[in-house]
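Peer 1: Whatever position you read off the sequence shown (first residue = 1), add 37 for the numbering used here.
For glycine and all other residues, C-beta sits at the position ideal for the given N, C-alpha and C.
This one's a predicted model, so the numbers in the text were calculated from it and none came from an experiment.
Below is a structure I'd like to ask you about.
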Amino acid sequence: RQARAAVGAEALRVGVAVDAEHGTLLTEYRPGTPWQPDEAREPRNLVRVAELMRRLHALTVELPAFAAERIAARYLARLKEVPAAHEPRARRWGEELVACARQHDAHYAPSVFCHHDLLAANILDDGGLVLVDFEYAVRATPLLDLASFAAMNGLHADERYALLTAYRGREP
Numbered sequence: 038r039q040a041r042a043a044v045g046a047e048a049l050r051v052g053v054a055v056d057a058e059h060g061t062l063l064t065e066y067r068p069g070t071p072w073q074p075d076e077a078r079e080p081r082n083l084v085r086v087a088e089l090m091r092r093l094h095a096l097t098v099e100l101p102a103f104a105a106e107r108i109a110a111r112y113l114a115r116l117k118e119v120p121a122a123h124e125p126r127a128r129r130w131g132e133e134l135v136a137c138a139r140q141h142d143a144h145y146a147p148s149v150f151c152h153h154d155l156l157a158a159n160i161l162d163d164g165g166l167v168l169v170d171f172e173y174a175v176r177a178t179p180l181l182d183l184a185s186f187a188a189m190n191g192l193h194a195d196e197r198y199a200l201l202t203a204y205r206g207r208e209p
């Protein structure tokens with residue numbers, strides 16, 4: 038998956054060579070400084086990252102589909118032991134998680150190439166923006182990248198609004 042995503046993202050200034058037969062992925066070294074969360078929240082950078090996401094989401098790459106319910110079930114299966122005192126609450130939370138995941142899957146079709154790990158450190162700035170670390174790339178709704186970027190970088194309500202406005206090119 039990471040190789041397909043990285044090759045697909047080559048259009049976003051990532052130099053990549055893949056030798057699938059030998060299991061080798063070679064990426065070009067990119068100079069640039071990884072962002073810090075405060076840089077990700079700067080108004081100018083919200084516009085820049087929204088443009089980068091639009092370009093990423095326009096790429097055509099065959100990737101696995103994001104399936105929230107499957108992921109939720111996998112997380113819950115990993116929970117080995119819950120102390121008895123917490124078991125009823127944990128069960129309710131698990132049921133709520135699966136219900137929310139099911140609702141997400143029903144309403145948001147996996148339609149575009151999503152990075153799915155847009156924390157500030159995965160964005161290099163060398164005057165232009167470069168994405169790195171495509172390990173979690175999937176086909177999903179653009180909302181996945183927008184929401185995860187906002188959550189992973191601590192965007193406040195006005196910053197989330199600015200990001201969405203920049204991404205859509207109009208007021209949400």
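For the ligand NAD, is there any heavy atom lying closer than 7 angstroms to the beta carbon of E99?
Peer 2: The ligand content of the structure shown is nil, which means the ligand NAD is not present either.
Peer 1: Thinking just about the alpha-carbon of each residue, which of L93, G206, N190, W130 is nearest to the one in P179?
Peer 2: If we check each option's Cα against that of P179, L93 comes out closest.
Peer 1: State the Cα-Cα distance for the pair A102 and L161, rounded to the nearest angstrom.
Peer 2: Near 26 angstroms, if we compare the C-alpha coordinates of L161 and A102.
Peer 1: Rounded to whole angstroms, what's the CA-CA distance from R205 to L116? Just pull it up for me.
Peer 2: Going from the Cα of R205 to the Cα of L116 covers about 39 angstroms.
Peer 1: What span of residues does the beta strand (DSSP E) with L156 cover, start to end?
Peer 2: Per DSSP, L156 belongs to no beta strand (DSSP E) and is neither H nor E.
Peer 1: When DSSP labels each residue in this structure, what does A48 get in the three-state scheme?
Peer 2: Here A48 scores only 48 on pLDDT, less than 50, and its place in the model should not be relied on; the value that follows carries that caveat. If DSSP states are grouped into helix, strand and coil, A48 belongs with the helices.
Peer 1: With 16 other CB atoms within 10 Å as the buried threshold, where does W130 fall?
Peer 2: It is exposed - the Cβ of W130 has fewer than 16 other Cβ atoms within 10 Å.
Peer 1: Rounding to the nearest angstrom, what Cα-Cα distance links P74 and L96 in this structure?
Peer 2: Roughly 26 angstroms between the two C-alpha positions.
Peer 1: Which residues does DSSP list as the beta-bridge partners of I160?
Peer 2: BP columns for I160 point to L168.
Peer 1: Could you give the DSSP three-state label for P179: helix, strand or coil?
Peer 2: It is helical.
Peer 1: Flag this pair as touching only if the segment 120–139 and the segment 163–175 have three or more C-beta atom pairs under 8 angstroms; answer yes or no.
Peer 2: Taking 8 angstroms as the limit for Cβ pairs, the verdict is that the segment 163–175 does not touch the segment 120–139.
Peer 1: Tell me the residue span of the beta strand (DSSP E) that contains V149.
Peer 2: Counting along the chain, the beta strand (DSSP E) containing V149 begins and ends at 149–151.
Peer 1: So, at 7 angstroms on beta carbons, what are the nonlocal neighbours of A199 in its own chain, with the 5 sequence-adjacent residues on each side left out?
Peer 2: These residues qualify, in order along the chain: P80, L83.
Peer 1: So, L181 versus H144, is the Cβ gap smaller than 8 angstroms?
Peer 2: Not closer than 8 angstroms, so no.
Peer 1: In chain order, what residues of the same chain lie with their CB nearer than 6 angstroms to the CB of A188, ignoring the 5 residues before and after it?
Peer 2: So the list is empty, once near-sequence residues are dropped.
Peer 1: By the 10 Å Cβ neighbour count, where 16 or more other Cβ atoms means buried, how is H141 classified, buried or exposed?
Peer 2: Its Cβ being crowded by 16 or more others within 10 Å, H141 is buried.
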